[in-house]
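Student:
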Amino acid sequence: MTVGSVRAAVVTVGEELLSGATVDANAAWLGRALGALGVPVERSWTVGDRDDAIVESVLAAARVAELVIVTGGLGPTEDDRTRPALARALGAELDEDPALVRHLEGRLRASGRSALSDGLRRLALRPTPGRWLANPAGAAPGLVFEGPREGGWVIALPGVPREMRGLFPAVADFVRETFDGRLTPVLQRTLHTTGLPESELAPRVDAVAAEVGEGVEVAFLPDLTGVDLRLTTRHDGTAAARAAAEERLDRLDHALRPILAGHRFEASSGDLVETVAALLEARGWWLATAESCTGGLVAQRWTARAGSSSTFRGAVVAYHNDVKERLLDVPRAVLEAQGAVSEPVARAMAEGVARRLDAQCGIGITGVAGPGGGSEEKPVGTVWIAATVPSNGAAPCTRAGRFQFGGDRESVRVRAAQAALHLLHGMLEGGPFEPSSARAGRE
């Protein structure tokens with residue numbers, strides 16, 4: 011490989027990953043961590059706990075990358091096959107390391123035990139040639155093997171995410187030392203948006219990026235609550251190059267602001283709740299929610315955050331019309347004339363819950379989540395959402411909008427909860443909000 015083009019590959023080991031019993035979070039985490047380190051991941055493999063599969067995947071990975079990271083299968087039991095499979099693939103010997111034995115015995119003593127079992131003694135085997143890396147979060151050490159190609163390396167890490175991540179600083183030190191001068195660190199920035207599907211967002215963003223985004227890659231990361239934009243650029247690690255990379259991100263970020271207006275929000279967690287809660291806290295206002303088809307999802311998201319008691323008064327899950335009438339003061343005549351899924355009911359729910367729970371702001375959500383219950387006039391996915399905030403006049407300012415969300419029952423519920431937060435966010439920010447669009451439900 012040429013200077014400045016170090017590439018990595020990832021191999022994750024475990025039958026539970028193939029069966030779907032465990033989600034492979036390690037590969038995604040390593041992709042981000044290695045990219046930020048300046049060693050982008052070229053390819054990844056997932057294999058079971060079988061020697062032949064591990065050998066085949068590691069050799070394939072070593073053909074496309076100078077650095078191969080393997081996670082999983084380093085435990086003390088017979089079915090942990092990564093250590094012997096790597097030794098076989100890479101022509102290494104496995105020798106008991108006295109220093110590693112002492113390290114493991116020290117961990118045992120600290121936990122109140124004494125002698126190493128045969129299983130734990132396997133953890134003291136390290137590759138020759140090679141080295142081991144101390145695990146600050148567990149017993150199994152990381153193992154560094156010389157790769158099959160000149161200048162290549164294979165590093166094996168435990169599959170337990172907490173242990174793998176705890177070992178990564180030692181991996182990073184090794185990579186910087188080994189590939190000094192050849193790394194291309196990645197600088198990334200994530201922009202959070204909601205209320206626009208990728209199909210509408212991408213053409214607008216791509217047009218701007220084509221004009222002012224030279225040297226910056228844009229990735230679209232959609233889910234049920236919105237679309238994140240990940241801006242990525244690379245540099246050579248020097249202070250000047252990093253500053254230039256920051257300027258490239260700033261330039262594109264600034265150029266995107268007009269087309270993201272009304273849909274972008276700032277939140278370190280990526281959750282719109284964080285943003286809306288901060289706006290309420292700054293004003294000293296409280297929120298109360300009245301939810302029908304979402305069954306308390308907005309309240310659940312809000313109260314999942316630490317410190318929510320400073321902004322959230324409470325919630326009413328008003329599924330039955332009697333509850334809407336008795337607890338939220340929704341007029342029976344309106345329910346009978348308009349139906350529960352209607353604008354006046356959503357408005358009355360938002361204003362009623364704010365009044366009943368002594369909050370300045372309220373959210374009301376009523377809809378048809380499905381799979382049944384729809385009609386020609388109000389098909390499955392129809393949701394009316396309202397939000398109310400204080401105004402300069404005697405009456406509160408209340409806005410409502412009809413949404414048509416696609417997807418299954420859970421998708422409708424999640425999208426409706428997000429749309430409610432988006433509506434309230436727009437009102438608190440004082441910006442325009444377009445409540446009638448069905449596009450918000452196709453993110």
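Going by the numbering used here, the residue at position 190 of the sequence shown is 200; the numbering climbs one at a time, nothing skipped.
The beta carbon of each residue, even a glycine, is placed where N, CA and C say it ideally should be.
Predicted model, so just to flag it, every value in this text is computed and none were measured.
1) For V74, does the count of other Cβ atoms within 10 angstroms reach 16, so buried, or fall short, so exposed?
2) Rank G85, G148, R98, G272 by C-alpha distance to the C-alpha of H113 and give the top, closest one.
3) Could you tell me whether the Cβ atoms of R53 and A31 are closer together than 9 Å?
4) Helix, strand or coil for R53, going by three-state DSSP, please let me know.
5) Residues bridged to E156 by DSSP?
6) Please tell me whether H435 and T285 are closer than 9 Å, where the distance is taken between their beta carbons.
7) Counting Cβ pairs closer than 8 Å, one from the region 338 to 350 and one from the region 311 to 319, do we hit at least three?
8) Rounded to a whole number of angstroms, what is the C-alpha to C-alpha distance between G169 and A46?
9) Under 9 Å, do T194 and S15 count as touching if we go by C-beta distance?
10) Give a yes or no on whether the C-beta atoms belonging to V196 and T235 are separated by under 9 Å.
11) Please go through the same chain and pick out, in chain order, the residues whose beta-carbon is closer than 6 Å to the beta-carbon of H432, but skip the five residues on each side of it.
12) Do W312 and A287 have their C-beta atoms closer together than 9 Å?
13) For V493, tell me which candidate among W394, V355, L118, L270 has the shortest Cα-Cα distance.
14) If you drop the 5 nearest sequence neighbours on each side, which residues of the same chain put their C-beta closer than 6 Å to that of R323?
15) Going by other Cβ atoms of all chains shown within 10 Å of its Cβ, with 16 needed for buried, is P151 buried or exposed?
16) Pull up the distance between the alpha-carbon of G440 and that of N331, whole angstroms please.
17) Could you give the first and the last residue of the continuous beta strand (DSSP E) run that contains V21?
18) What is the rounded straight-line gap between the Cα of L5 and the Cα of V20?
19) What does the Cβ neighbour count give for D418, buried or exposed, with the cut at 16 atoms within 10 Å?
20) Name the DSSP beta bridge partners of T235, please?
21) Using alpha carbons as the reference points, say which of H202, R409, A166 lies closest to F275.
22) For the beta strand (DSSP E) that V399 lies in, which residues bound it at each end?
23) Whose C-beta lies closer than 8 Å to the C-beta of I64 among residues of the same chain, with five residues either side of it excluded?
24) When the Cα atoms are used, what is the spatial distance from R409 to A364?
25) What residue from V422, A360, R17 has the CA that sits closest to G377's CA?
Tutor: Taking the geometry as given:
1) exposed
2) G148
3) no
4) strand
5) W163
6) yes
7) no
8) 21 Å
9) yes
10) no
11) T204, G205
12) yes
13) In the structure as shown, the chain begins at 11 and stops at 453. Residue 493 is therefore absent and cannot be evaluated.
14) W296, A298, L367, A369
15) buried
16) 32 Å
17) 18 to 23
18) Outside the shown range of the chain (11 to 453) lies residue 5, about which nothing can therefore be said.
19) exposed
20) Partner(s): none; T235 has no beta bridge.
21) H202
22) 392 to 399
23) V21, V23, V57, V80, G83, R91, T92, A95, L96, A99
24) 14 Å
25) V422
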